[in-house]
Structure formats: structure tokens, C-alpha cells
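Going left to right, the sequence shown walks through residues 26 to 151 as the numbering used here numbers them.
All C-beta atoms, glycine included, are put in the ideal place defined by N, C-alpha and C.
Contents: one structure, followed by commentary.
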Amino acid sequence: MVEHAEPVVTAYREHVRFQEEGFATVLVAGTSRLRVLVVSLVPQQFLPVHAPAVDLVATVLEGEGVCAAGELETEVGPGSVVVVPAGRARGFRARTPMVLLVVVSPPPTEQDHAEVVRKLREGRWR
26 MVEHAEPVVT
36 AYREHVRFQE
46 EGFATVLVAG
56 TSRLRVLVVS
66 LVPQQFLPVH
76 APAVDLVATV
86 LEGEGVCAAG
96 ELETEVGPGS
106 VVVVPAGRAR
116 GFRARTPMVL
126 LVVVSPPPTE
136 QDHAEVVRKL
146 REGRWR
């Protein structure tokens with residue numbers, strides 16, 4: 026676990042990492058109570074729909090795509106803010122290069138990521 030004992034001030038673009046082999050997640054800051062991440066997706070990449078035991082706030086900084094939030098599936102673009110309580114489904118699929126600023130609390134566990142890993146292996150969004 027990365028623990029930032031000091032405040033962090035940074036530009037999100039410093040953390041953008043597009044990669045063809047799958048979405049990229051870069052840790053911006055973290056404490057024992059939360060994680061702040063920049064998630065980068067190229068067109069057609071997705072973060073599979075999953076329902077971990079963590080609260081999520083995601084802001085679309087760049088690009089366009091589709092977001093699953095609970096029972097809702099909707100178009101998102103720059104400025105869209107997505108808030109999903111723990112235990113509710115969430116996922117993102119990019120139509121264009123897309124960058125998200127994501128805050129999760131508490132930090133996810135391996136169990137929280139198990140559904141993501143399985144669906145990525147199977148190539149499944151839902």
C-alpha cells in the first residue's frame with residue numbers, strides 16, 4: 026500500500042498512460058482510507074461492470090464513452106461525474122480516448138478486483 030503522508034498537488038495529464046493491451050490505472054495518491062487514480066482507456070477498451078465493496082467517485086476528464094452505474098447505463102463525456110455507492114455495479118467503456126479521475130474508498134482489495142480480472146480474461150464488459 027502506498028501512503029502519502031504529505032499533500033499531493035499534481036496535474037492529471039502527468040498520470041495519463043494509454044496502452045493498447047488494456048486500460049491503464051495510475052495511482053496519484055493514497056491513504057489507508059482512499060485511493061486517487063487516473064484511469065486511461067483507448068477506444069473500445071473497458072473497465073468491466075463489477076460491484077466491489079468500495080464507494081466510487083469518477084470524473085470524466087477527457088473523451089467519451091458509456092458508464093454503467095447501478096441499473097443505469099448512460100453516455101458520459103468531459104465533466105460527467107459518476108458517484109456509485111459500495112456494492113453497486115459500475116463500469117466504463119470508451120468510445121474515444123478517455124481519461125477518468127477516480128476516487129475510491131476504502132481502498133479495494135483483491136476480492137474487490139476478482140470480478141474485473143475474470144471479466145477481462147473472458148473479454149466481457151458485463
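Say whether the segment 104-119 touches the segment 54-61, bearing in mind that this needs 3 or more beta-carbon pairs closer than 8 Å, one atom from each stretch. no
Would you tell me roughly how many angstroms separate the C-alpha atoms of D137 and P77, rounded to the nearest one? 5 Å
Please report the Cβ distance between V74 and R113, rounded to the nearest whole angstrom; I am assuming they are in contact, meaning their Cβ atoms lie under 8 Å. About 10 Å separates the two Cβ atoms, so there is no contact after all.
At what residues does the alpha helix (DSSP H) containing A139 begin and finish? E135 to E147
For H29, is the classification buried or exposed, using 16 other Cβ atoms within 10 angstroms of its Cβ as the cut-off for buried? exposed
Count the other CB atoms within 10 Å of the CB of R118; is the residue buried (16 or more) or exposed (fewer)? buried
Residue ranges of each beta strand (DSSP E) within the segment 91-137, 3 or longer: 97-101, 106-109, 115-119 and 123-130
For the beta strand (DSSP E) that S57 lies in, which residues bound it at each end? Segment: none, S57 is in no beta strand (DSSP E) and carries neither H nor E.
Are the CB atoms of V124 and V63 within a distance shorter than 8 Å? yes
Am I right that V109 and L72 are in contact with their C-beta atoms under 8 Å? What's the rounded C-beta distance? The pair is not a contact, with the Cβ atoms about 12 Å apart (cut-off 8 Å).
Would you please state the rounded distance, in angstroms, between the beta carbons of E4 and P122? I believe it to be under 8 Å. Only positions 26 to 151 of the chain appear in this structure, which leaves residue 4 out of reach.
In whole angstroms, give me the CA-to-CA distance for V67 and F48. Between V67 and F48, the C-alpha separation is close to 7 Å.
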